[in-house]
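Visitor:
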Ligand SMILES: NC(=O)c1ccc[n+]([C@@H]2O[C@H](COP(=O)([O-])OP(=O)(O)OC[C@H]3O[C@@H](n4cnc5c(N)ncnc54)[C@H](OP(=O)(O)O)[C@@H]3O)[C@@H](O)[C@H]2O)c1
């Protein structure tokens, strides 16, 4: 089968090449998905450069986190997934940009029936991450005010919509007029260009000097530091991503503004496990349970079915142009999700 593999670290165009590799076998509690679509995730840019410590397999490795398609093989304990159309995370969070993808059943969910394969690719990560950030970690409630950074992006566009659906007042930031318009279309009450305007001052004006209850920060670094002064007393600042530079994942936050801000700083990570305690022992990470994932998924599918949220696909491209599309994502040229279409590709020796 064909797969986009990282062979050397650097720009996506230098790092990636298409290889013929073996189709993956499914181990216990795992499935193999015949790829229909894959979504680009910002972390994959850092993966090309070799600076993403969370997912750092030895070279060469197949890039890609998220897949939509049909389960064509299943290991012991996962047989009930055979033939199901799913959204899934590739096992270990790499290997998705390929004609077949190995996934843990813990990170496999039925694709929402109302969404076609392109739309489904823009559903799973954006809405699960946004829900976990806003509701499970940020405890956002109706009537509260939330600030979403990079509100026109993949996860950001989901966070804006979920906040609005919850009945919160939404302030969103974005880096261009086109993106600000999209934020407003998705339910943002006040959109701020954080490349030209002073976000903290603007937010304090909007909130009568008090600040926002919850921040969903997908950018990190200087944006985080500049946002601390506009969080309300006892508010929640959720660190969800680092599109402004992965280096900020390891530092940059000084305690003083948090101490004097009297607010909480929280993190969020999308990963569900049937046995979170085993994951804790192995990695030190606190993961959500599979039961949490099923509850969140059912809630989000209900919102899709009710028309309360919609997926935002900025662009659909053939699977053969992955490096160019990753370069567009890195250069802030995208809105919503970029989805790769694999349906015209064929696998040699497809097995059921
Ligand atoms: N916590 C989790 O479990 C989890 C899971 C998935 C993804 N994430 C994180 O969530 C974030 C969003 O992911 P995504 O895939 O949806 O990407 P995305 O938000 O669509 O990322 C691209 C956008 O980030 C903004 N941005 C701000 N500073 C930037 C910079 N220096 N360079 C490039 N872009 C910049 C740009 O929007 P503007 O032009 O409007 O600034 C850009 O269009 C990423 O940091 C990702 O790692 C976290």
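In the numbering used here, the protein residues as written are 0 to 351.
Glycine included, each C-beta is placed from N, C-alpha and C at the ideal position.
None of the values given here were measured: they were computed from a predicted structure.
Can you determine whether any heavy atom of ligand 1 sits closer than 7 angstroms to the C-beta of residue 95, and answer yes or no?
Guide: No; taking the cut-off as 7 angstroms, the Cβ of residue 95 has no heavy atom of ligand 1 nearer than that.
Visitor: Whether or not the region 88-104 and the region 55-70 are in contact is what I'm after, with contact meaning three or more pairs of Cβ atoms, one per stretch, closer than 8 angstroms; do they touch?
Guide: With the cut-off at 8 angstroms, the region 55-70 and the region 88-104 touch.
Visitor: Can you tell me the Cα-Cα spacing of residue 294 and residue 275, whole angstroms?
Guide: Using only the alpha carbons, I get a separation of about 16 angstroms.
Visitor: Does residue 282 come out as helix, strand or coil in the three-state DSSP assignment?
Guide: Of the three classes helix, strand and coil, the one that applies to residue 282 here is helix, per DSSP.
Visitor: Return helix, strand or coil for residue 351, following the three-state DSSP convention.
Guide: Note that residue 351 scores 27 on pLDDT, short of 50, meaning its location in the model is unreliable and no value can be drawn from it.
Visitor: Confirm the yes/no value for this check: CB of residue 142, any heavy atom of ligand 1, distance under 7 angstroms.
Guide: Incorrect: residue 142 has no Cβ contact closer than 7 angstroms to ligand 1.
Visitor: Are the Cβ atoms of residue 336 and residue 89 separated by less than 8 angstroms?
Guide: No.
Visitor: For residue 237, collect the residues of the same chain with a Cβ closer than 7 angstroms to its Cβ; drop the 5 residues on either side in sequence, then sort them by chain order.
Guide: If we look at residue 237 and ignore the five residues flanking it on each side, its Cβ neighbours are 132, 136, 137, 213, 214, 215, 216, 265 and 267.
Visitor: By the DSSP assignment, the beta strand (DSSP E) with residue 146 in it spans what residues?
Guide: Per DSSP, residue 146 belongs to the beta strand (DSSP E) from 144-147.
Visitor: Express the C-alpha separation of residue 126 and residue 142 in angstroms, rounding to a whole number.
Guide: Rounded to whole angstroms, residue 142 to residue 126 spans 21 angstroms at the Cα level.
Visitor: For residue 96 and residue 56, I'd like the C-alpha separation in whole angstroms.
Guide: Answer to the nearest angstrom: the Cα atoms are 15 angstroms apart.
Visitor: First and last residue of the alpha helix (DSSP H) that includes residue 258?
Guide: Its alpha helix (DSSP H) spans residues 254-260.
Visitor: Can you check DSSP and say which residues form a bridge with residue 100?
Guide: DSSP lists 32 as partners of residue 100.
Visitor: Buried or exposed for residue 22, going by 16 or more other Cβ atoms inside 10 Å?
Guide: So residue 22 counts as buried.
Visitor: Which whole-angstrom value is the C-beta distance of residue 98 and residue 288, which I expect to be below 8 angstroms?
Guide: 31 angstroms between Cβ atoms; not a contact.
Visitor: Compute every distance between the C-beta of residue 331 and the non-hydrogen atoms of ligand 1, then say whether any falls below 7 angstroms.
Guide: Residue 331: yes, Cβ under 7 angstroms from ligand 1.
Visitor: According to DSSP, is residue 317 part of a helix, a strand, or is it coil?
Guide: Strand.
Visitor: Could you tell me the distance, in whole angstroms, from the CA atom of residue 254 to the CA atom of residue 280?
Guide: Rounded to the nearest angstrom, the two C-alpha atoms are 28 angstroms apart.
Visitor: Determine the closest residue to residue 333 out of 46, 189, 316 and 308, with distance taken between C-alpha atoms.
Guide: Measuring from the Cα of residue 333, the nearest candidate turns out to be 316.
Visitor: Is DSSP giving residue 55 helix, strand or coil here?
Guide: Coil, per DSSP.
Visitor: May I ask which residues mark the beginning and end of the beta strand (DSSP E) holding residue 2?
Guide: Where residue 2 is concerned, the enclosing beta strand (DSSP E) stretches over 1-5.
Visitor: Using the C-alpha atoms, what's the distance from residue 195 back to residue 231?
Guide: Cα to Cα, the separation comes out at about 23 angstroms.
Visitor: Got a sec? Which residues, its chain only, sit under 6 angstroms from residue 13 by beta carbon, not counting five neighbours each side?
Guide: Answer for residue 13: no residue qualifies.
Visitor: Roughly how many angstroms separate the alpha carbons of residue 180 and residue 188, rounded to a whole number?
Guide: When rounded, the distance between both Cα atoms is 11 angstroms.
Visitor: Would you check whether ligand 1 has a heavy atom nearer than 7 angstroms to the C-beta of residue 41?
Guide: Yes.
Visitor: Return the CA-CA distance between residue 304 and residue 122, expressed in angstroms with no decimal places.
Guide: One C-alpha to the other measures close to 13 angstroms.
Visitor: What is the DSSP secondary structure of residue 327, reduced to helix, strand or coil?
Guide: Of the three classes helix, strand and coil, the one that applies to residue 327 here is helix, per DSSP.
Visitor: Which residue or residues does DSSP assign as beta-bridge partners of residue 69?
Guide: Note: residue 69 sits in a beta bridge opposite 33 and 84.
Visitor: Please state whether DSSP places residue 231 in a helix, a strand or coil.
Guide: In this structure, residue 231 counts as strand in the three-state DSSP scheme.
Visitor: Comparing alpha-carbon positions, which option in 262, 256 and 223 lies nearest residue 243?
Guide: With distances taken between Cα atoms, residue 243 lies closest to 223.
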